[in-house]
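Some notes on the structure that comes next.
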């Protein structure tokens, strides 16, 4: 058989991949020098390719001799750290059918082997024993797809076969040899190319990934970490690609995007914004032209600066135009009516190209003799609708002083007025009030009474409008006189009190009073009825007074003795109690059980308001400033001056204009609820205003506002025992509500108010409307047709709307966590659905930083799944009292755990497989995901990371934390085992 001639080499390549050649016989010009055995086996010959280039080939054709075993060993090949090698073989094979007389022993196949080694195999190895026992590893038996016969020499091209095989993993040496075994074929090795694959360097998602070698197996995935290209920043981390066995990139994870000031260009470059443009945020957006009245003089600008005299407001966006401050208001007109002034004006000519124009009215009181000696007006001056932030071009000002000069300055402001270095432009006007009589005396009181006289007193008018010269008192007998104005008697008094004498016994008199200044008399007060005693009543009262004096002398001795005994007993008891015991707020029901009555059970809701809430005269209420907004209107701080009592600060909830009857009923229902409560840790209702507008609910004023924001403002400022005292007050209030059979439903730190003495009081008794009405507040999430604060609500209340005092106890546990974490948001940034799923999987919030163990245990008790297992509020109060009396218990066992706490952690000593472990964690839904991703044994599971969990498909943050916590425990468990057990 003659050596076949070399014919055309077919091109070969892999798409979407990069290959690195480590040996290619097609480029050899000298002898290859491969080792062959035996000597009459493989033969090296020269040939030509299709371009008439000389190439070296090997051929063998001993088909007429029996028992062929011909070996051919290549030179040493350096693998260059590749773990998997590919071999491309181009060869021809003669058809055995075309060779007569050798049909039984001829072959059309050959075998491919490899040998890993660190050094070159010596050429002197030619013995039969070596080749019979050589440590070669077989790659494959290679057969020809097409063979040739003698008839193919008739001018046609011979068929060339191309086969590619791969082998690996390679790890035992720096290189290898290839070996070809012929067992009786007539063939030629035309070319052998040895290469490995790698994924090319690439820029994807604005991240650069370097060249990466493929893995040891064709199915291997090799992770390549990416780095953001210049002027790009991470969006999602980690940033990585996977290089598969074919040298192709796949499964991109994470990405980068161009920084602010840079825009994407062709998907792989972040180009700086040119001058005159800007880009304010990171992302895929393009650079924008600078807005009107702004400019950028540098490249990569993130914001265009405003030109001189132009500004951006605090709420303006970078892409908004720059605007200017308004000019002064125009054409002010004033109307003076005694001690009131009406001001109206025109809008400024220049509004600064903004639509948030408003006005401030500044009031200054000046001495008539010297205009420059002015000072701010008194707080008693009333501005309607207000003196700051006015949207309308007019204001009514009242309760000014009579005969006094005032200067009013009207400022026009907008959203950039606070940015300007110059004061707001304003329009000034000077006015002088007219003379005015005193205002009405609000009330009269009877100090004492006899059968012939009675003594009266009254407070001065709220607006005297000058010095009170005297008072005129008018009175008459209501029964005897038909025309009171003709038959009344009048007396004067220089003091705000009088004794009316010469009256008839047992008679009712109508009395009125008015004040006088140099401007004259004011109006009479409203008619009030006072009565003298009868002669018998007077004698009886006089006798009682004499008896009382005598009895007092005798009783005084007894009282002194009892006081002495009480002091001794009290001092003994105080010595036994903790120093903190005196500060505990005590609650005594006083006998009998008072039950809460739902105001919605009344056929007429107004009847409930009349029964449980006191009506307040609006003249006793003074509104001062807005402090917030409620569901139905604004909330104000104000002052309440009850009749005959000291003025007190109050909070005033108002009902907005245009309300429906149902809104008015719902608004007042909270007052009907609060009015039934009387306890130091429940917000106190002062009364309501329902007979005039606006409708108001008036409660005590709590200086420090809501508990959650108060704690955030004072983070870490209180000792633990003080926080426990605050919690004790909340529990005391909730105990009172539970004893009245009232369920709060919305117990949370935001609904606890704090006064100046750090006393906490439960407030906001209006959740019932959240369960019926729609609301945009994200705190309250729909559940079975209603709105529920998921993070604070017990699971049975979420699932079945089963609200009880036990569900309030669950909420109290969340409030305790809020207090000890200084107002941190429960469950952090988890979604409401994730919170529901986590609680169902027995997750509970961890102890906040530096939280005593006893307090966290109290939280866990409140979060028992079985509501009957939770403590009662009376039990909670007792627990907190013990902590306060024993402060040392609050210092032991500080807890610093931060991942979510799993109270149902599995017993790792009984876990023997991944399936058992997942079942113990109650996460069998991930079984197929774990096993399919290669985590088939517990030692493999102990190496798992958060990135692996995300890849597997565990997306819930709570589930990830639960699994990783268990994995950490499992590592400790395996480390504690003996070496034999570990193996």
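In mature numbering (1 follows the signal peptide of the UniProt record, and there is no 0), the protein residues as written are -19 to -1, 1 to 964.
C-beta atoms are modelled at their ideal positions from N, C-alpha and C, and glycine is treated no differently.
Where residue 361 and residue 734 are concerned, what is the direct C-alpha to C-alpha distance, given to the nearest angstrom?
In the chain shown, the residue the question calls residue 361 occupies position 380. In the chain shown, the residue the question calls residue 734 occupies position 753. Roughly 28 Å separates the two Cα atoms.
Quick check: does the Cβ of residue 815 come within less than 7 Å of any heavy atom belonging to the ligand SAH?
Ligands are entirely absent from the displayed structure, and the ligand SAH is therefore not among its contents.
Going by alpha carbons, who is nearest to residue 56 out of 355, 837, 95, 127?
Counted from its first residue, the chain shown places residue 56 at position 75. Residue 95 is the option with its Cα nearest to residue 56.
Three or more beta-carbon pairs under 8 Å between the stretch 388 to 402 and the stretch 471 to 486, yes or no?
no
Can you tell me whether residue 261 is helix, strand or coil according to DSSP?
Residue numbering aside, residue 261 sits at position 280 when the chain shown is read from its first letter. Residue 261 falls in the coil class under three-state DSSP.
Rounded to a whole number of angstroms, what is the C-alpha to C-alpha distance between residue 373 and residue 327?
The count along the chain shown starts at 1 and reaches residue 373 at position 392. The count along the chain shown starts at 1 and reaches residue 327 at position 346. C-alpha separation (whole angstroms): 10 Å.
In the DSSP assignment, find the alpha helix (DSSP H) that holds residue 702 and state where it starts and stops.
Translated into the one-based positions of the chain shown, residue 702 becomes position 721. Segment 701 to 720, the alpha helix (DSSP H) holding residue 702.
Cα separation between residue -2 and residue 930?
Translated into positions along the chain shown, residue -2 becomes position 18. Translated into positions along the chain shown, residue 930 becomes position 949. Using only the alpha carbons, I get a separation of about 31 Å.
Given a cut-off of 8 Å, decide if residue 212 and residue 188 are closer than it, judged by their beta-carbon atoms.
Residue 188 sits at position 207 when you count from the first residue of the chain shown. Residue 212 sits at position 231 when you count from the first residue of the chain shown. No, the Cβ-Cβ distance between residue 188 and residue 212 is not below 8 Å.
From residue 488 to residue 479, what does the alpha carbon distance come to, in whole angstroms?
Residue mapping note: residue 488 aligns to position 507 of the chain shown, counting from 1. Residue mapping note: residue 479 aligns to position 498 of the chain shown, counting from 1. Going from the Cα of residue 488 to the Cα of residue 479 covers about 18 Å.
Would you mind sorting residue 101 into buried or exposed? The rule is 16 or more other CB atoms within 10 Å of its CB.
Translated into the one-based positions of the chain shown, residue 101 becomes position 120. Exposed.
Would residue 915 be called buried (16 or more neighbouring beta carbons within 10 Å of its own) or exposed?
Counting from 1 along the chain shown, the entry for residue 915 is found at position 934. Residue 915 is exposed by the Cβ-count criterion.
Have a look at residue 944 and residue 219 and give me their C-alpha separation to the nearest angstrom.
Reading the chain shown from its first residue, position 963 is the one you call residue 944. Reading the chain shown from its first residue, position 238 is the one you call residue 219. Taking the straight line joining both Cα atoms gives about 20 Å.
Considering only residues of the same chain and omitting the five flanking positions on each side of residue 730, which have a CB-CB separation below 8 Å?
Within the chain shown, residue 730 is the residue found at index 749, counting from 1. If we look at residue 730 and ignore the five residues flanking it on each side, its Cβ neighbours are 687, 688, 689, 692, 796, 799, 800, 804.
Alpha carbon to alpha carbon, how far is residue 694 from residue 862?
Counting from one through the chain shown, the residue named residue 694 turns up at place 713. Counting from one through the chain shown, the residue named residue 862 turns up at place 881. One C-alpha to the other measures close to 27 Å.
Determine the closest residue to residue 302 out of 283, 271, 312, with distance taken between C-alpha atoms.
Taking the chain shown and counting its residues from 1, one reaches residue 302 at position 321. When only C-alpha atoms are compared, the closest one is 271.
As a quick exercise: from 310, 117, 678, pick the residue whose alpha carbon is nearest that of residue 648.
Mapped onto the chain shown, residue 648 falls at position 667. The shortest Cα separation from residue 648 among 310, 117, 678 belongs to 678.
Please state whether DSSP places residue 230 in a helix, a strand or coil.
Stepping through the chain shown from its first residue, residue 230 is reached at position 249. Residue 230 falls in the strand class under three-state DSSP.
Helix, strand or coil for residue 814? Go by DSSP, reduced to three states.
Taking the chain shown and counting its residues from 1, the one referred to as residue 814 is at position 833. Here residue 814 sits in helix by DSSP.
Which whole-angstrom value is the C-beta distance of residue 789 and residue 707, which I expect to be below 8 Å?
Locating residue 789 in the chain shown gives position 808, where the first residue counts as 1. Locating residue 707 in the chain shown gives position 726, where the first residue counts as 1. Contact flag wrong, Cβ pair sits at about 17 Å.
Measure the alpha-carbon distance for residue 848 versus residue 776 and round it to whole angstroms.
If you number the chain shown from 1, residue 848 lands on position 867. If you number the chain shown from 1, residue 776 lands on position 795. Straight-line measurement puts the Cα of residue 776 at about 9 Å from the Cα of residue 848.
How should residue 1015 be labelled, buried or exposed, when 16 other C-beta atoms within 10 angstroms of its C-beta is the threshold for buried?
Nothing about residue 1015 can be read from this structure; the chain reaches only from -19 to 964.
For residue 965, does the count of other Cβ atoms within 10 angstroms reach 16, so buried, or fall short, so exposed?
Only positions -19 to 964 of the chain appear in this structure, which leaves residue 965 out of reach.
I need the DSSP call for residue 486, collapsed to helix, strand or coil.
On the chain shown, residue 486 is found 505 positions in, with the first residue counted as 1. Three-state DSSP puts residue 486 in coil, outside helix and strand.
Whole angstroms are fine: how far does the CA of residue 296 sit from the CA of residue 447?
Reading the chain shown from its first residue, position 466 is the one you call residue 447. Reading the chain shown from its first residue, position 315 is the one you call residue 296. Approximately 48 Å between the Cα atoms of the pair.
Indicate the three-state DSSP secondary structure (helix, strand or coil) for residue 40 in the structure shown.
Stepping through the chain shown from its first residue, residue 40 is reached at position 59. Residue 40 falls in the strand class under three-state DSSP.
What separation, rounded to the nearest whole angstrom, lies between the Cα atoms of residue 391 and residue 721?
Looking up residue 391 in the chain shown gives position 410. Looking up residue 721 in the chain shown gives position 740. Whole-angstrom Cα-Cα distance: 54 Å.
Along the chain, where does the alpha helix (DSSP H) containing residue 837 start, and where does it finish?
On the chain shown, position 856 is the one that residue 837 refers to. First-last of the alpha helix (DSSP H) with residue 837: 834 to 843.
Can you round the beta-carbon distance between residue 662 and residue 713 to whole angstroms, since I take them to be within the 8 Å contact cut?
Position 681 of the chain shown holds residue 662. Position 732 of the chain shown holds residue 713. Right, their Cβ atoms sit about 5 Å apart.
So, helix, strand or coil for residue 168, using DSSP?
Reading the chain shown from its first residue, position 187 is the one you call residue 168. Looking at residue 168 - three-state DSSP - the assignment turns out to be strand.
Using the Cβ count rule (16 or more neighbours within 10 Å means buried), how would you classify residue 581?
For the purposes of this step, residue 581 is taken as the residue at position 600 of the chain shown. By the neighbour-count rule (16 or more Cβ atoms within 10 Å), residue 581 is not buried but exposed.
Check residue 650 in the structure and name its three-state DSSP category.
The count along the chain shown starts at 1 and reaches residue 650 at position 669. Residue 650 falls in the helix class under three-state DSSP.
Quick one: which unbroken beta strand (DSSP E) runs of 3-plus residues sit fully inside the stretch 569 to 634? Chain order, please.
Counting only runs that start and end inside the stretch 569 to 634, the beta strand (DSSP E) elements of at least 3 residues fall at 602 to 610, 615 to 621.
Could you tell me the boundaries of the alpha helix (DSSP H) in which residue 799 lies?
For the purposes of this step, residue 799 is taken as the residue at position 818 of the chain shown. 786 to 801 is the extent of the alpha helix (DSSP H) around residue 799.
Between which two residues does the beta strand (DSSP E) holding residue 690 run?
Locating residue 690 in the chain shown gives position 709, counting from the first residue. Careful: residue 690 lies outside any beta strand (DSSP E), inside the alpha helix (DSSP H) at 688 to 694.
Can you tell me which of 813, 942, 443 puts its alpha carbon nearest to the alpha carbon of residue 773?
Residue 773 sits at position 792 when you count from the first residue of the chain shown. Measuring from the Cα of residue 773, the nearest candidate turns out to be 813.
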